[in-house]
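Trainee: Provided herewith is a single structure, encoded as C-alpha cells, for subsequent inquiry.
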Amino acid sequence: MKVSTRQIREARHRSPAVICHSVCWEDVVNDISDMITVHDRDFHVMFANSAAITSLELPPLENNVVPCFRYFHGTEFPPAQCPARECLKTGRPATLELYEPYLKKYFEIRAIPLAEKKNLVSGVIHIARDITKRRKAELKLRKSRGQLRRLNAHILSLREQERESIAREIHDQLGQSLTVLQMELRMLEEATLVDRRDLGKKISALLGIIDMTIHSVQRLSSELRPALLDDLGLLSAIKWHARNFQARTGLACSVSCGREPARLGRTRDINIFRIFQEALTNIYRHAEATKVSVMLKEEDGRFIMMVQDNGRGITKTQATDSRSFGIMGMRERVHLLRGEIEIKGAPKRGSTVTIRVPCEE
Numbered sequence: 280m281k282v283s284t285r286q287i288r289e290a291r292h293r294s295p296a297v298i299c300h301s302v303c304w305e306d307v308v309n310d311i312s313d314m315i316t317v318h319d320r321d322f323h324v325m326f327a328n329s330a331a332i333t334s335l336e337l338p339p340l341e342n343n344v345v346p347c348f349r350y351f352h353g354t355e356f357p358p359a360q361c362p363a364r365e366c367l368k369t370g371r372p373a374t375l376e377l378y379e380p381y382l383k384k385y386f387e388i389r390a391i392p393l394a395e396k397k398n399l400v401s402g403v404i405h406i407a408r409d410i411t412k413r414r415k416a417e418l419k420l421r422k423s424r425g426q427l428r429r430l431n432a433h434i435l436s437l438r439e440q441e442r443e444s445i446a447r448e449i450h451d452q453l454g455q456s457l458t459v460l461q462m463e464l465r466m467l468e469e470a471t472l473v474d475r476r477d478l479g480k481k482i483s484a485l486l487g488i489i490d491m492t493i494h495s496v497q498r499l500s501s502e503l504r505p506a507l508l509d510d511l512g513l514l515s516a517i518k519w520h521a522r523n524f525q526a527r528t529g530l531a532c533s534v535s536c537g538r539e540p541a542r543l544g545r546t547r548d549i550n551i552f553r554i555f556q557e558a559l560t561n562i563y564r565h566a567e568a569t570k571v572s573v574m575l576k577e578e579d580g581r582f583i584m585m586v587q588d589n590g591r592g593i594t595k596t597q598a599t600d601s602r603s604f605g606i607m608g609m610r611e612r613v614h615l616l617r618g619e620i621e622i623k624g625a626p627k628r629g630s631t632v633t634i635r636v637p638c639e640e
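Using my numbering, the first residue of the sequence shown is number 280, and each one after it goes up by one.
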C-alpha cells in the first residue's frame, strides 16, 4: 500500500483510517498483536492499530500532535538508536532489537519507509513486536549454559587434581616400595651361595618383574600428570609427549617453536597439554596419517598451537558431531580458557587443529 504525504496531512484532521481506506484492511491491522504505527517525517503518529493504542496508552489521534518517541521511549526527542531515524535518513528499511527501559520490555522494531514521488521518503511504517518472553527465555537458557560450563570446568579441575594426587601416590608410595624391594633382592642375590643356582635364578626373575613394574609405574605417573609440565613448562612437556607418541605409533611427530612461550599458568598449561594429547589421539585413531607437525607461537597477546597431519582429512560434519566426545572436550577446554578453536580439513589433504588462547588470565 502506498500512502502519500497529502493523505498523511489529511489524516491528522480526519479519521486515521484514511491511510488505509482504499484497501479497507484496518480491521485486519487491529487484529495483529504487533504494535503498528505510521509516522510522518516529524515522528508524529498518523495512524496506530489497537495494540499500539493500548500498549502505548496513546491519546486520540484526531486533531492531536502525538510524537511517537514520547510514548515509546519517554523522551522529548527521538533517541539515536531509533530505527525510524535511520530509515528516514537512508530511505531503506531498518531493523533493531533493544530493551526499552521506559516500557520495561524487549522489542524487535522494524521501520519501513513510505515513498513519495521521486522516491522522497514522506514517512515511516513502524512495527514493534514484544519479544520480552523470548529474550527472557534466551537469557535463562544462556544462564543455564553458563552454569553447565562452570560445572564442566569444575569437573575438569577436580579430575586434574585427582590425577595429580594419584600420580603422586603411585610415584611416592608404590614406587618407593618397589625400589626398596628391588634393593633387598639384589642384596639377597649377592649373598646367595654359588651352589644354590636355582634360588639365584628365581631372584633374578623377580628382579626382572620389579624392573618392569617400576617402568610401568613411571609411565602411568607421567601419563596421569607429566612432571615436566610443572618443572620445565608446557613446551618441554609437549616435546616429550611428541617423542613418546612417535615411539609408540611410528608416526613422525615434529614440534617447532619460534621462541620459548611464556608460562601461561598452571590451569592453562594443563588444559592446552590435554588438548594436544587429544589431538594426537584423534590423529592416530582416525586420520590414517604418516606424520604430524606441531607449531607453537605467541602473537598479539595470544598463545597459538597448530596441530597438522597429512591424513585423509576431517569433514565439517565430523568436526561438529555432538557424539565426538574428544572434540567436544577440546572445545570445552578452549572455552574454559576464553579462547578459540578451529578444526578444518580437506579430503586426502589432512586436517588442522588450531587453538588461540589469551596469554593472560
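A virtual CB, placed ideally from N, CA and C, is assigned to each residue, including glycine.
(1) If you measure between the beta carbons of K595 and G537, is that distance less than 8 Å?
(2) Would DSSP call C361 helix, strand or coil?
(3) If I measure Cβ to Cβ from S535 and keep anything under 8 Å in the same chain, skipping five residues before and after, which residues do I get?
(4) Can you confirm whether the segment 431-449 touches the segment 350-360 when touching is taken to mean that 3 or more C-beta pairs between the two stretches lie within less than 8 Å?
(5) Any beta-carbon of chain B closer than 8 Å to the one on S603?
(6) In chain order, what residues of the same chain have a beta carbon less than 6 Å from the beta carbon of M584, not counting five sequence neighbours either side?
(7) Does F604 pass the burial test, meaning 16 or more other C-beta atoms within 10 Å, or should it be called exposed?
(8) Could you give the C-beta distance for C361 and V324, rounded to a whole number, given that I count them as a contact under 8 Å?
(9) Where DSSP assigns a beta bridge to M574, which residues make up the other side?
(10) Would you say F582 and C532 are within 8 Å of each other, going by their C-beta atoms?
(11) Nearest to Y385 by alpha carbon, out of D490, K480 and I410?
(12) Label I587 either buried or exposed according to how many other C-beta atoms from any shown protein chain fall within 10 Å of its C-beta, with 16 as the threshold for buried.
(13) If you reduce the DSSP assignment to three classes, tell me which class I634 lands in.
(14) In whole angstroms, what separates the C-alpha of I388 from that of K419?
Mentor: Taking the definition as stated:
(1) no
(2) coil
(3) S572, V573, M574 and L575
(4) no
(5) Protein chains in the displayed structure number just one, and chain B is not present.
(6) L575 and I634
(7) exposed
(8) At roughly 14 Å, the Cβ-Cβ gap does not stay under 8 Å, so C361 and V324 are not in contact.
(9) S535 and M585
(10) no
(11) Selected option, being the one with the closest Cα: I410.
(12) Note that residue 587 is Gln in the sequence shown here, rather than Ile. Result: buried.
(13) strand
(14) 22 Å
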